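To start, the structure itself, in structure tokens.
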Amino acid sequence: MNAQDAWRIAYNQLELQLDRGTFDTWLREAVFLNQDANRFVIGTRNTYMRDMLQHRLYRTVWRVLSDVWGETVEIAFEVYQKPAPSTDVDDMPLFKLIAEQNEAEIKATTSRKHAGRPERPALPESELNARLTFDRYLVSNANRLAYEAARAVAEQPGRNYNPLLIHGDVGMGKTHLLQAIGLACQAKAMRVIYVTSEAFTNDLVDSIRQRTTAMFREKYRSVDVLLVDDVQFMGGKESTQEEFFHTFNALHTFNKQIVLVSDRHPSELLTLEPRLRSRFEGGLVVDLPTLTFETRVAILQMWCAEHEVLMGQDVIELMAARGKNNIRELEGLFTKVIAEAKFNRTPITLDVAAIGMHRFESPRPHGRTFKISDILRITAQ
């Protein structure tokens, strides 16, 4: 038996012994390069794959190959380049994505990208909102399970509930918990990426167009914590799901934390591939139900304290009764009432609150919206 045949047999045995995700992510593209005595040189596509094989899977590959060869072998993993990279590129599942995107989508994606991208895409600057901490998350009986699960993940990433999937309707606080996890992990100097599923797809398309897919993979697979918002929007995007599947497996294999947010339970995400839904359900799935009246009152009281706004309990309860759909609606009502009082320089009474909530319901001429901080700044001038 020659060395190349030995590697081929070992390769086939490894495919049977390892779970599919691990094999596809780390060994699928490994090739035999050469052999000298009992030293086998195995080629990998990039330095990241080489390092992972060397440090995490070496003993498994060594054991199988030694058994096939009949003697104890030494294995060296080296980065290699195929002679015809263009053909190799076309064979990659990633590049199916181009066919899935129509020209308008690609142009739109390209236009959203900033010019002058660095040659090596390091981890992006934090896109986390510094205000969305655990301390600012109001806990109630309804959301306590999701909150405690998120805290547990932040305390021991990769060890508690991996993956963690939080689902619920719009404006229930899912993104708040997701970003709170990210901020807590960043405080421990961990490598964190927060990304929406749309941004993940756009980043993937951009890497394909610029032929930087290896760097794309290294970017997303070298983190300690991956936070993905609105994962339901991966539905119907075959190649995005294919790439995310392998990214998920790569991180999960090495106990890197994955946290997902969706508007529905994974079992209801029917446009996602079954293998993805299965992995999403393999960890802890928690939901965020509609806010209770008492929780809405407590949130409004917290906002009043933060913004130093005097507001009677009767006004707070009026807004809590009106803003029963989600937190964003509640914040909108709060902003409108403050605007009415500030612009007219009057105390916030029930009448003022009712007028404010009604007045600002109609669209403004230029479609401008006001934030609480804007109103306070303008009226202080």
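Taken in order, the sequence shown gives residues 8 to 388; the numbers are from the numbering used here. Built from N, CA and C at the ideal position, the CB exists for glycine as well. Computed from a predicted model, the values in this text were never measured in an experiment.
- prompt: How about ILE345 and VAL316: do their beta carbons lie closer than 8 Å?
  reply: Residue numbering aside, residue 345 sits at position 338 when the sequence shown is read from its first letter. Residue numbering aside, residue 316 sits at position 309 when the sequence shown is read from its first letter. The answer is yes: Cβ separation under 8 Å.
- prompt: Within 7 Å: the Cβ of ASP358 and any heavy atom of the ligand HEM?
  reply: In the structure on display, the ligand HEM does not appear, and there are no ligands present to speak of.
task: May I have the straight-line CA-CA distance separating ILE113 from VAL359, to the nearest angstrom?
output: For the purposes of this step, residue 113 is identified with residue 106 of the sequence shown, where counting begins at 1. For the purposes of this step, residue 359 is identified with residue 352 of the sequence shown, where counting begins at 1. Unreliable placement is indicated for ILE113, whose pLDDT of 44 sits below 50; no coordinate value is reported for it.
query: With burial defined as no fewer than 16 other Cβ atoms inside 10 Å of the residue's Cβ, what is the status of TYR65: buried or exposed?
result: Locating residue 65 in the sequence shown gives position 58, where the first residue counts as 1. Classification of TYR65: exposed, given that the 10 Å Cβ count is below 16.
field: Residues near THR140 in its chain [Cβ-Cβ closer than 7 Å; skip 5 each side]
entry: Here the question's residue 140 lines up with position 133 in the sequence shown. Cβ within range, chain order: ALA187 and LEU190.
- request: Label LYS263 either buried or exposed according to how many other C-beta atoms from any shown protein chain fall within 10 Å of its C-beta, with 16 as the threshold for buried.
  value: Here residue 263 refers to the residue found at position 256 when the sequence shown is read from its first residue. Label assigned to LYS263: buried.
task: With DSSP as the reference, label ARG46 as helix, strand or coil.
output: Here residue 46 is taken as the residue at index 39 of the sequence shown, counted from 1. ARG46: strand per DSSP, three-state reduction.
query: What first and last residue would you give for the beta strand (DSSP E) that runs through GLN264?
result: Taking the sequence shown and counting its residues from 1, one reaches residue 264 at position 257. Segment 264–269, the beta strand (DSSP E) holding GLN264.
query: Below 8 Å between beta carbons: does that hold for LEU340 and MET309?
result: Translated into the one-based positions of the sequence shown, residue 340 becomes position 333. Translated into the one-based positions of the sequence shown, residue 309 becomes position 302. Not a contact, by the Cβ cut-off of 8 Å.
query: Considering only the beta carbon of each residue, do ILE355 and MET318 sit closer than 8 Å?
result: Locating residue 355 in the sequence shown gives position 348, where the first residue counts as 1. Locating residue 318 in the sequence shown gives position 311, where the first residue counts as 1. Cβ distance < 8 Å, so ILE355 and MET318 count as in contact.
- prompt: Based on the DSSP output, what are the partners of ILE173 in its beta bridges?
  reply: Start at 1 with the first residue of the sequence shown, and residue 173 comes out as number 166. Answer is VAL268 and VAL293, bridged to ILE173.
- request: Would you please verify whether the beta carbon of GLN239 is less than 8 Å from any beta carbon of chain D?
  value: Although the question refers to chain D, the structure presented lacks it and comprises just one protein chain.
message: For VAL86 and ALA17, which I take to be in contact (beta-carbon distance under 8 Å), what is that distance rounded to the nearest angstrom?
response: Looking up residue 86 in the sequence shown gives position 79. Looking up residue 17 in the sequence shown gives position 10. Wrong, their Cβ atoms sit about 20 Å apart, outside the cutoff.
- prompt: Relative to the alpha-carbon of ASP231, which residue among VAL266, TRP69, GLU301 and GLU22 has its alpha-carbon at the smallest distance?
  reply: As a working note, residue 231 is residue 224 in the sequence shown. Checked all of VAL266, TRP69, GLU301 and GLU22; the closest Cα to ASP231 is VAL266.
- prompt: Secondary structure at ASP236, three-state DSSP: helix, strand or coil?
  reply: Residue mapping note: residue 236 aligns to position 229 of the sequence shown, counting from 1. If DSSP states are grouped into helix, strand and coil, ASP236 belongs with the strands.
message: Can you find the residues in the same chain that come closer than 8 Å, C-beta to C-beta, to VAL160, ignoring five residues on each side of it along the sequence?
response: In the sequence shown, the residue the question calls residue 160 occupies position 153. Closer than 8 Å at the Cβ level, and outside the excluded window around VAL160, lie ASN167, TYR168, ASN169, LEU171, ILE188, GLN264 and VAL266.
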